[in-house]
Amino acid sequence: MPELPEVETVRRQLTTLLRGRHVVDATSHPSEKFCSALEVVGSQLIDVRRRGKFLLIDLDDGRELIIHLGMTGVLRPTATGTLDDPYVRARWHFADGAGFEFRDVRRFGRIAVVSAGHYTGLLASLGPEPFDEAFTPQSLYEALRRSTQAVKTQLLGQRPVAGLGNIYADEALWFARIHPARHVVGRPAAARLHGAIRDVLRAGIDHGGTTLRDYQTVEGGEGGHQHHLACYGRGGLPCERCGRPLSRITVGGRTTTLCRSCQR
DNA sequence: CATGTCGCCTGCGAGC
DNA sequence: TGCTCGCAGGCGACAT
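Under the working numbering, the first residue of the first sequence carries the number 4, and numbering increases by one thereafter.
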């Protein structure tokens, strides 16, 4: 489940692979989620950027190719001479025969082409980038105060800050000692959460992302952050802070792990 | 506008 | 062994 650290890891590797390349041909799965891939034919790929969990690939003609990896999306160079992979949803070819492809078993991912900056939906209303100076303890405090939803639900909604998913939301709330179902977050707690969000995302990026099931890098490797998780997926195991077993609950319909003792 | 619910997808592991 | 079922879960569409 690619979240910001995974998408950022992919972005960095993809940049090397794509920058300056000309797309001369493309194929795609017939679903309208993926068929926009064909619109890139004839364009040059200038740069790969990221906003939240979205990859934004600048084209030379004033457009952008937007790719969301969804749950199981993988971007990788197209290997020559391999058997047909039924889960490849889009494939882009360069003039020299190389290319790259989007593999997405569960088809939760999405591909779009828009004129530069003309975003719609979630991408248009995303909260600040976590490492941008616009993301501050104060901005987080004010964003969380605007809604009465549980703090974790708000974080997953991408408005207080962009890029968190279930894994890093649980991690950040554990480090900040905030109960995920809490509805009111005061200034001190918001400041702790702000720091924790940056810390867990930074660690995730430094480890190349978290590979639990499907996530893999452009180079076909795994991330390393799964060996550093303090909370997510550790229900029943002892809390690294207090030693009591971590609990599993549901918040906003999402499986959530927390320490009932440390997180209030 | 804010919030809640549903549907999208498929592989995997538990249980019978 | 072979089957069913629940689960993983980000996000868009839609209803209230």
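Just so it is clear, CB atoms sit at the ideal spot from N, CA and C, and this is done for glycine as well. As the structure is a computational prediction, the values presented were derived from the model and not from experiment.
Distance from the CA of Asp107 to the CA of Val91, rounded to the nearest whole angstrom, comes to 6 Å.
If you check the CB distance, Ile208 and Glu11 come in under 7 Å. When DSSP assignments are scanned along the segment 201-235, no uninterrupted stretch of beta strand (DSSP E) that is 3 or more residues long falls wholly within it. Judged by DSSP in its simplified three-state form, Ile49 adopts strand. Partner residues in a beta bridge of His186, as assigned by DSSP, do not exist. Residue state for His197 is assigned as helix, using DSSP reduced to three classes.
In this structure, the straight-line span from the alpha carbon of Ala172 to that of Thr30 is close to 36 Å. Shown here, Ser150 sits in coil according to DSSP, grouped into three states, outside any helix or strand. For Arg24, the closest alpha carbon among the candidates Pro5, His32, Arg15, Asp63 is that of Asp63.
In its chain, beyond the 5 residues on either side, Asp50, Val51 have a beta carbon closer than 8 Å to the beta carbon of Thr18. With a beta-carbon spacing of about 6 Å, Leu204 and Leu7 fall inside the 8 Å limit used to define contacts. Note: Val43 is not bridge-paired with any residue in the DSSP secondary-structure output. In the DSSP assignment, Gly102 falls outside any alpha helix (DSSP H) and lies within the beta strand (DSSP E) extending over 102-107. Sequence-distant Cβ neighbours of Ala179 in its own chain, meaning closer than 6 Å and more than five residues away, are Arg195, Leu196, Ala199. Between Thr213 and Glu9, the beta carbon gap of about 7 Å places them in contact (Cβ cut-off 8 Å). Distances from the CA of Gly223 to each of Glu136, Glu104, Tyr235, Ala233 were compared; the closest alpha carbon is that of Glu104.
Of the residues assessed, His186 falls on the exposed side of the cut-off, its CB having fewer than 16 other CB atoms within 10 angstroms.
The DSSP-derived three-state label of Gly124 is helix. With fewer than 16 other Cβ atoms inside 10 Å of its own Cβ, Arg251 counts as exposed.
Comparing alpha carbon positions, the residue from Ala233, Cys234, Arg216, Tyr235 closest to Gly226 is Arg216. Scanning its chain for C-beta atoms nearer than 6 Å, with the 5 sequence neighbours on each side dropped, one finds around Gln47 the residues His25, Asp63, in chain order.
Annotation: Ala98 is outside any alpha helix (DSSP H) and is labelled neither H nor E by DSSP. In the DSSP annotation of this structure, the continuous segment of the beta strand (DSSP E) that includes Ile60 starts and ends at 57-62.
Gly124 counts as exposed, since fewer than 16 other beta carbons sit within 10 angstroms of its beta carbon.
Three or more beta-carbon pairs separated by less than 8 Å are not found between the segment 108-121 and the segment 144-151, which leaves the two stretches without contact.
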